[in-house]
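**Student:** Below are the structure tokens for one structure; questions will follow.
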Ligand SMILES: *Cc1c(COP(=O)(O)O)cnc(C)c1O
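Residue numbers (the numbering used here): 228 to 611.
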């Protein structure tokens with residue numbers, strides 16, 4: 228019997244850091260510093276150094292990290308926030324939670340990231356219609372790849388909009404050696420366990436170079452507290468990161484740069500073998516992706532059969548995403564740019580993600596690649 232293949236292997240990494248993490252957790256238990264303990268400050272300093280930004284505000288989840296800047300900027304009723312539809316629900320959910328209107332924008336067929344030309348047309352169209360006031364753009368670094376921020380920044384500057392980088396999947400991704408914070412006003416990330424940098428529960432962080440904004444975010448994180456602890460000055464949340472989770476993340480951050488390199492190595496190997504047959508997500512030469520997912524396209528209505536074939540060969544595959552947000556029940560009443568989102572709709576019928584993590588060894592990867600090739604051959608035989 229061959230070993231079952233993991234879609235994401237968290238156990239190898241856990242064994243690698245276990246003794247260091249357990250020492251930290253034990254100390255927190257001894258001290259009782261469960262809320263805003265010293266590991267939280269240590270992590271925030273480490274994240275600022277890693278991300279090259281002056282301020283890091285850790286928080287309870289990636290969703291908090293996206294919502295809090297909208298709250299801080301007073302984005303609400305009558306405002307429009309532009310975001311892709313081909314993403315996880317939280318990207319647009321926070322816009323609705325803030326009371327504003329998400330406007331869905333198309334993605335590019337190669338990179339799967341927001342299409343800057345479609346974004347520009349959609350903002351102009353929203354202004355012309357006069358129903359909503361454009362306020363911000365949430366760009367997503369999908370599957371780990373940094374979005375085209377220089378082009379997005381040009382649109383933001385033209386119309387006076389803020390940019391939030393939804394880096395839940397792509398925190399640490401670079402373009403020409405620079406992270407999203409080079410162009411975005413705020414970088415928001417998630418530490419959900421399956422993300423490239425994950426903890427052992429829920430967590431998130433916000434980064435910015437704007438110290439005034441950072442002070443407001445720290446207030447929102449704890450119920451809108453002011454400098455006088457008996458006078459809360461705004462509405463906020465309970466959005467702190469637990470000290471336990473911060474302790475896990477300090478140890479994971481220490482090995483993260485090395486893990487990103489390992490993920491790049493795995494992705495390059497997939498690319499060399501699979502390009503030409505299954506149209507993997509394309510990445511530019513000057514991009515380092517964190518490869519949250521390795522996603523290919525299986526066209527012609529053959530995806531379900533392909534996944535069944537892969538399963539027979541013991542290889543797990545997952546669909547991210549099978550339905551654009553603009554097609555989902557809670558979201559479909561919100562506006563869509565242009566005449567619909569044909570690229571998004573097509574991707575939703577074709578994309579499928581293969582096992583990807585920093586500890587995928589070459590032997591296992593060869594089994595996966597062979598399974599892809601055999602599955603495609605089997606589909607070819609069925610089609611005739
Ligand atoms: C996971 C994810 C989020 C939300 O993060 P949580 O920590 O689960 O709240 C937001 N955006 C994207 C693109 C994500 O993948």
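C-beta: ideal position from N, C-alpha, C; glycine also.
This one's a predicted model, so the numbers in the text were calculated from it and none came from an experiment.
(1) Less than 8 Å separating the beta-carbons of residue 375 and residue 336?
(2) Which same chain residues, not among the five before or five after residue 427, have their C-beta less than 6 Å away from its C-beta?
(3) Confirm the yes/no value for this check: CB of residue 312, any heavy atom of ligand 1, distance under 7 Å.
(4) Any idea if residue 228 is buried or exposed, counting beta-carbon neighbours within 10 angstroms, 16 or more meaning buried?
(5) Measure the alpha-carbon distance for residue 398 versus residue 419 and round it to whole angstroms.
(6) Helix, strand or coil for residue 354 per DSSP?
(7) For residue 437, tell me which candidate among 408, 271, 479, 245 has the shortest Cα-Cα distance.
(8) Relative to the C-alpha of residue 447, which residue among 314, 457, 462, 358 is closest?
(9) Compute every distance between the C-beta of residue 396 and the non-hydrogen atoms of ligand 1, then say whether any falls below 7 Å.
(10) When the Cβ atoms of the stretch 527-535 are set against those of the stretch 317-329, are three or more pairs found closer than 8 Å?
(11) Taking 8 Å as the limit between beta carbons, can you name the residues of its chain near residue 559, skipping five residues before and five after?
(12) Should residue 315 be counted as a contact of ligand 1 given a C-beta to heavy atom distance under 7 Å?
(13) In whole angstroms, what is the alpha-carbon distance linking residue 493 and residue 586?
(14) Using CA atoms only, rank isn't needed, just tell me which of 240, 507, 599, 258 is closest to residue 486.
(15) Taking C-beta to C-beta, are residue 329 and residue 541 nearer than 8 Å?
(16) For residue 262, count neighbouring Cβ atoms within 10 angstroms of its own Cβ and tell me buried if that reaches 16, exposed if not.
(17) Find out if the Cβ-Cβ distance for the pair residue 332, residue 567 is shorter than 8 Å.
(18) Which residues mark the beginning and the end of the beta strand (DSSP E) in which residue 524 is found?
(19) Across which residues does DSSP place residue 596 in a beta bridge pair?
(20) Under three-state DSSP, which class holds residue 282?
(21) With a threshold of 16 other CB atoms inside 10 Å of the CB of residue 520, please say whether the residue is buried or exposed.
(22) Since residue 260 is in the alpha helix (DSSP H), which residue starts that stretch and which ends it?
(23) I'd like to know whether the C-beta atoms of residue 369 and residue 309 end up nearer to each other than 8 Å.
(24) What is the C-beta distance between residue 306 and residue 360, in whole angstroms, given that I count them as a contact (C-beta under 8 Å)?
(25) Is it buried or exposed for residue 602, if we count other Cβ within 10 angstroms and need 16 for buried?
(26) Does the Cβ of residue 422 lie closer than 7 Å to at least one heavy atom of ligand 1?
**Tutor:** On the basis of the coordinates in this document:
(1) In the chain shown, residue 375 corresponds to position 148, counting from 1. In the chain shown, residue 336 corresponds to position 109, counting from 1. Their beta carbons are not under 8 Å apart, which means residue 375 does not touch residue 336 by this criterion.
(2) Within the chain shown, the letter at position 200 stands for residue 427. Within the same chain, residue 427 has close Cβ partners 475.
(3) Counting from 1 along the chain shown, the entry for residue 312 is found at position 85. Residue side-chain check: residue 312 keeps its Cβ at 7 Å or more from all non-hydrogen atoms of ligand 1.
(4) The residue you call residue 228 lines up with position 1 of the chain shown. Here the model assigns residue 228 a pLDDT of 49, short of 50, so the residue's position is not dependable and the matter cannot be decided.
(5) Counting from 1 along the chain shown, the entry for residue 398 is found at position 171. Counting from 1 along the chain shown, the entry for residue 419 is found at position 192. Rounded to the nearest angstrom, the gap between the Cα atoms of residue 398 and residue 419 is 12 Å.
(6) As a working mapping, residue 354 is identified with position 127 in the chain shown. In this structure, residue 354 counts as helix in the three-state DSSP scheme.
(7) In the chain shown, residue 437 corresponds to position 210, counting from 1. For the options 408, 271, 479, 245, the alpha carbon positioned closest to that of residue 437 is the one of 408.
(8) What you label residue 447 is simply residue 220 of the chain shown in a count that begins at 1. Comparing Cα-Cα distances from residue 447 to each of 314, 457, 462, 358, the minimum goes to 462.
(9) One-based indexing of the chain shown puts residue 396 at position 169. Yes, Cβ of residue 396 sits closer than 7 Å to a heavy atom of ligand 1.
(10) Because the criterion of three Cβ pairs below 8 Å is not met, the stretch 527-535 and the stretch 317-329 do not touch.
(11) As a first step, residue 559 is located in the chain shown; it is residue number 332 there, counting from the start. Within the same chain, residue 559 has close Cβ partners 553.
(12) Here residue 315 corresponds to residue number 88 of the chain shown, with the count starting at 1. Checking the Cβ of residue 315 against ligand 1 gives yes.
(13) Along the chain shown, read from residue 1 onward, the residue named residue 493 stands at position 266. Along the chain shown, read from residue 1 onward, the residue named residue 586 stands at position 359. In this structure, the alpha-carbon of residue 493 lies about 9 Å from that of residue 586.
(14) As a working note, residue 486 is residue 259 in the chain shown. Distances from the alpha-carbon of residue 486 to those of 240, 507, 599, 258 put 240 closest.
(15) Here residue 329 refers to the residue found at position 102 when the chain shown is read from its first residue. Here residue 541 refers to the residue found at position 314 when the chain shown is read from its first residue. With respect to residue 541, residue 329 sits apart: the two C-beta atoms are not nearer than 8 Å.
(16) For the purposes of this step, residue 262 is identified with residue 35 of the chain shown, where counting begins at 1. Around the C-beta of residue 262, fewer than 16 other C-beta atoms lie within 10 Å, and the residue is accordingly described as exposed.
(17) For this step, residue 332 is matched to residue 105 along the chain shown. For this step, residue 567 is matched to residue 340 along the chain shown. Contact flag unset, no.
(18) Within the chain shown, residue 524 is the residue found at index 297, counting from 1. DSSP places residue 524 in the uninterrupted beta strand (DSSP E) bounded by 521-524.
(19) Mapped onto the chain shown, residue 596 falls at position 369. According to DSSP, which records beta bridges pairwise, residue 596 is partnered with nothing at all.
(20) Along the chain shown, read from residue 1 onward, the residue named residue 282 stands at position 55. The answer is strand: DSSP assigns residue 282 an E or B state.
(21) Here residue 520 corresponds to residue number 293 of the chain shown, with the count starting at 1. By the Cβ-count criterion, residue 520 is buried, with 16 or more other Cβ atoms from all chains shown falling within 10 Å of its own Cβ.
(22) Locating residue 260 in the chain shown gives position 33, where the first residue counts as 1. Neither: residue 260 is in no alpha helix (DSSP H) and is coded neither H nor E.
(23) Locating residue 369 in the chain shown gives position 142, counting from the first residue. Locating residue 309 in the chain shown gives position 82, counting from the first residue. Here residue 369 is not near residue 309, since their CB atoms are 8 Å or more apart.
(24) The count along the chain shown starts at 1 and reaches residue 306 at position 79. The count along the chain shown starts at 1 and reaches residue 360 at position 133. Residue 306 to residue 360, Cβ: 5 Å. Contact.
(25) Taking the chain shown and counting its residues from 1, one reaches residue 602 at position 375. Buried, because 16 or more other Cβ atoms sit within 10 Å of the Cβ of residue 602.
(26) Counting from 1 along the chain shown, the entry for residue 422 is found at position 195. Within the cutoff, so yes.
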